[in-house]
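*Asks:* The sequence shown begins at 5 in the working numbering and counts up by one.
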Amino acid sequence: MSVTLENIRWVDLNEDIRSLLENPYKMLPLSPGLEADVVKIECASHSYVLKIWNKDSKPDIRNQYELLSELYQRGMHVSQPYGWGMDADQNQVLLTSFDGEPISKLNKAKLEQLAQMLIQVHGYDLHDTNNAEANFISQYDFVGYFFPSIELHEDMHQILTSLLQRTEFRQDYLIHGDYNLGNILEADDQYTIIDWTNGQLGDPRYDMAWSIFLMTIYAGERNGKVYSALFKSLTEYTPDDAEIFEAMACLRWILLKRVANVPMGPGVMQRIKKIIGHNSYLHDELL
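1. Using three-state DSSP, classify Arg13 as helix, strand or coil.
2. List the whole-angstrom C-beta distance separating Thr196 from Asp103, where the pair is believed to meet the contact cut-off of C-beta under 8 Å.
3. As an exercise, report each continuous alpha helix (DSSP H) stretch of at least 4 residues that is fully enclosed by the region 53–77, in chain order.
4. Put Ile45 into one of helix, strand or coil per three-state DSSP.
5. Tell me whether Val82 sits in a helix, a strand or coil according to DSSP, three-state version.
6. Since Met219 is in the beta strand (DSSP E), which residue starts that stretch and which ends it?
7. Assuming Met252 contacts Ala213 (C-beta within less than 8 Å), just tell me the rounded distance between them.
8. Flag Trp200 as yes if its beta-carbon sits less than 8 Å from any beta-carbon of chain B, otherwise no.
9. Please give me, in chain order, every unbroken run of the beta strand (DSSP E) with length at least 3 that falls completely inside the region 121–191.
10. According to DSSP, what are the bridge partners of Ile107?
11. Once you ignore the five residues that flank Gln194 on each side, which residues in its own chain have a CB closer than 6 Å to its CB?
12. Quick check on the DSSP output: the beta strand (DSSP E) that includes Ile280 runs from which residue to which?
13. Here's the rule: buried if 16 or more other CB atoms are within 10 angstroms of the residue's CB, otherwise exposed. What is Arg226?
14. Starting from the Cα of Leu259, find the closest Cα among Ile221, Phe151, Val15, Asp16 and give me that residue.
15. From the DSSP output, read off the bridge partner residues of Trp200.
16. Taking Cβ positions, are Ile216 and Phe235 nearer each other than 8 Å?
17. What does Thr100 pair with, by DSSP beta-bridge criteria?
18. Is the region 60–72 touching the region 17–31, taking contact as three or more C-beta pairs under 8 Å?
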């Protein structure tokens, strides 16, 4: 790892952290993501996480830093942001608190906590007087952002177009964009939502559907059913919404599988085939 704290040009940095980082520290690589490398920084009394966007993805980290600052101040389950800047290779970096490890075991109580946390994200008040002028929550073209180049895949493009015509799609809520077990950390029965790269204005029904879909295919049908039922009981997520947005989530996963690598594992394809078989908007030829 070539990056060090000394060669980062900080655009914004908490002053307490600035003095703390002048002391000896260790840098330990963590599992990298698809978009960035991640490093744990161990100081004498505290640990931090440094994320370095040194791959193809170049999101606006200033916006992510400001969004995290706002959500943290609101008491939401997010990492505390300490600073952002550029490394010697002009890669954007973000420094946050270290908030534990990915969740290892699931039960109904944990699933309920996870569902409530995402619902809390969707409940963020965009119309609060302090947020009305905020420009750190971006809005993108939904299809272009989550289904890049889908027009090159006519079979999926036709289905997605039809699905969007069947619902009144909205983009007036804060969504996480990729709420899955890999982006939720656990420490001492406390949970933290990380990786807000895809945080934006969007439709909470899509955000829930993508999260339920990933829970189902990677954590198993039993957990997926419990998780889905929780959202339906805690929100106005109707069965019709569920089927339409589940189809969108499945289409997105299939598109990603066609153009890139997606995580696989025992039973994943079997579960996806079952989802397709039970969804009236999808068909087996998509796989």
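By construction, the Cβ of each residue, glycine as well, lies at the ideal position given by its N, Cα and C atoms.
*Replies:* Quick look at the numbers:
1. The residue labelled residue 13 in the question sits at position 9 within the sequence shown. Note: Arg13 maps to strand in three-state DSSP.
2. Looking up residue 196 in the sequence shown gives position 192. Looking up residue 103 in the sequence shown gives position 99. Right, their Cβ atoms sit about 4 Å apart.
3. 65–77
4. Reading the sequence shown from its first residue, position 41 is the one you call residue 45. Residue state, collapsed to three classes: strand.
5. Residue 82 sits at position 78 when you count from the first residue of the sequence shown. Of the three classes helix, strand and coil, the one that applies to Val82 here is strand, per DSSP.
6. The sequence position of residue 219 within the sequence shown is 215, counting from 1. Careful: Met219 lies outside any beta strand (DSSP E), inside the alpha helix (DSSP H) at 208–223.
7. Position 248 of the sequence shown, counted from the start, is the residue given in the question as residue 252. Position 209 of the sequence shown, counted from the start, is the residue given in the question as residue 213. Met252 to Ala213, Cβ: 6 Å. Contact.
8. Looking at the structure shown, chain B is missing, and only one protein chain is on hand.
9. 177–179, 188–191
10. Working through the sequence shown from its first residue, we reach residue 107 at position 103. In DSSP, Ile107 forms no bridge with anything.
11. The sequence position of residue 194 within the sequence shown is 190, counting from 1. Correct list: empty, nothing qualifies.
12. For the purposes of this step, residue 280 is identified with residue 276 of the sequence shown, where counting begins at 1. Per DSSP, Ile280 belongs to no beta strand (DSSP E); it is in the alpha helix (DSSP H), 272–282.
13. Position 222 of the sequence shown, counted from the start, is the residue given in the question as residue 226. Arg226 should be labelled exposed.
14. Taking the sequence shown and counting its residues from 1, the one referred to as residue 259 is at position 255. Here the closest residue by C-alpha is Phe151.
15. Residue numbering aside, residue 200 sits at position 196 when the sequence shown is read from its first letter. DSSP, once it has assigned bridges, lists no residue as partnering Trp200.
16. Sequence index remark: in the sequence shown, residue 216 carries index 212 (1-based). Sequence index remark: in the sequence shown, residue 235 carries index 231 (1-based). The answer is yes: Cβ separation under 8 Å.
17. Indexing the sequence shown from 1 puts residue 100 at position 96. DSSP lists Val53, Pro85 as partners of Thr100.
18. no
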